Amino acid sequence: MRKGEYHGFAATETERLNPDRPQDFKETMNYLPGCPIKDWPVTEVPQFVKDYQNFFDTCSHLGHRVLQSIAAGLGLQDIKSFQKFHQFLGQPGNLTALRTLHYPPVKVNELKEGQLRLGEHSDYGSITLLFQDDVGGLEVEGINGEWIPATPIPGTIIVNVGDMLMRMTAGKLKSNRHKVVVPEEEVRRKVPRFSAAFFMMTDQEAVISPLDGSTSYAPLTMGEYINKKFAETY
Ligand SMILES: O=C(O)CCC(=O)C(=O)O
Ligand SMILES: [Fe+2]
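Letter 3 of the sequence shown, counting from 1, is numbered 3 in UniProt numbering, and no numbers are missing.
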């Protein structure tokens, strides 16, 4: 990932999702439709772009269905209420991204003081679809600040509420913090962990405020918010 860009490869210890901790012990590949082919390992993996794009499309379709279910669950008149904020999904004007993550094995004493596989953070967009393997380590913050393991369940997808959905719902749905810790036991630290996250973002220029007309959250665009976040975390 080059500065100011949102796609491509980011090496271990590049991003710091919690700015108060050392850089995350993870590496990532961020895919946005239409980003330059030269940035992908297409010689080594010829089907790379096709497979990422197919998976991106499947996730977009599912993401819209999940947002409709959330709208129905909230009792909104129009179950497509959230759709209009994602008009440019998969096109310029919207930074929805498919990110694959690799958490390398961790050797004894390799980590810095306070370093995690992934620091505490909430996701920035509307929702995230998260696919994890069976290694574990993901923990989610509960309402009393306690950390609850999100133990992997085969065949399931985790849906995170992002900051923009929290704003749209006037805080009814919370974008709670999560992190990925390194297992305590030596045998499990030696195992790499893999996950994939589909970050569904609202359109860069769409102004997001609570749909109920309340003023609990000031109007904000995804573009303004993401620039602030990237400045803090890279
Ligand atoms: O790897 C995971 O399970 C979590 C990833 C995550 O929270 C993120 O990339 O925002
Ligand atoms: Fe996250």
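By construction, the Cβ of each residue, glycine as well, lies at the ideal position given by its N, Cα and C atoms.
If you're wondering where the values come from, they're calculated on a predicted model, not measured in any experiment.
Look at the alpha carbon of residue i and the alpha carbon of residue j, and state the distance between them as a whole number of angstroms.
i, j, result
"Q77", "L211", "11 Å"
"I157", "P219", "30 Å"
"N227", "N94", "13 Å"
"I153", "L129", "14 Å"
"S216", "A170", "6 Å"
"S81", "N109", "50 Å"
"E186", "N144", "30 Å"
"H61", "F48", "20 Å"
"Y234", "M29", "15 Å"
"M200", "E113", "33 Å"
"Y225", "V42", "32 Å"
"R21", "Q132", "23 Å"
"S214", "R65", "26 Å"
Within the same chain, show all residues whose beta-carbon is closer than 6 Å to that of residue i, passing over the 5 residues directly before and after it, in chain order.
i, result
"V135", "V191 and R193"
"residue 236", "Past the boundaries of the shown model lies residue 236; the chain is included only from 1 to 234, so the question cannot be answered."
"S175", "S122, V161, G162, D163 and M166"
"E120", "N18, R177 and K179"
"S209", "P219"
Is the beta carbon of residue i sitting closer than 9 Å to the one on residue j?
i, j, result
"E146", "V180", "no"
"L17", "C59", "no"
"L67", "I127", "yes"
"G8", "D51", "no"
"F230", "Y6", "yes"
"Q91", "G34", "yes"
"I70", "L173", "yes"
"residue 247", "L74", "With the chain covering 1 to 234 only, the question about residue 247 has no answer from this structure."
"D203", "F85", "yes"
Given residue i, which residues of its chain have a CB within under 8 Å of its CB, disregarding the five upstream and five downstream residues?
i, result
"V182", "F25, V106, L111, L116, R117, G137 and R189"
Once DSSP output is grouped into helix, strand and coil, what is the label at residue i?
i, result
"Y103", "strand"
"I37", "helix"
"Y31", "strand"
"K80", "coil"
"M201", "coil"
"T233", "helix"
"F88", "coil"
"H178", "strand"
Less than 7 Å between C-beta atoms, sequence neighbours within five positions excluded: which residues of the same chain meet that for residue i?
i, result
"T12", "F25, K26, E27 and P104"
"residue 235", "Residue 235 falls outside the range modelled here, since the chain spans only 1 to 234, and no answer is possible."
"E15", "Q23, D24, T233 and Y234"
"G223", "Q204 and E205"
Strictly by DSSP, which residues pair up with residue i?
i, result
"A97", "F199"
"V42", "In the DSSP output, where bridge partners are listed per residue, V42 has none listed."
"R193", "Y103"
"Q53", "Q53 pairs with nothing; no bridge assigned."
Consider the Cβ of residue i: report whether some Cβ of chain C lies at a distance smaller than 9 Å.
i, result
"L101", "Of the protein chains in the structure, only one exists, and it is not chain C."
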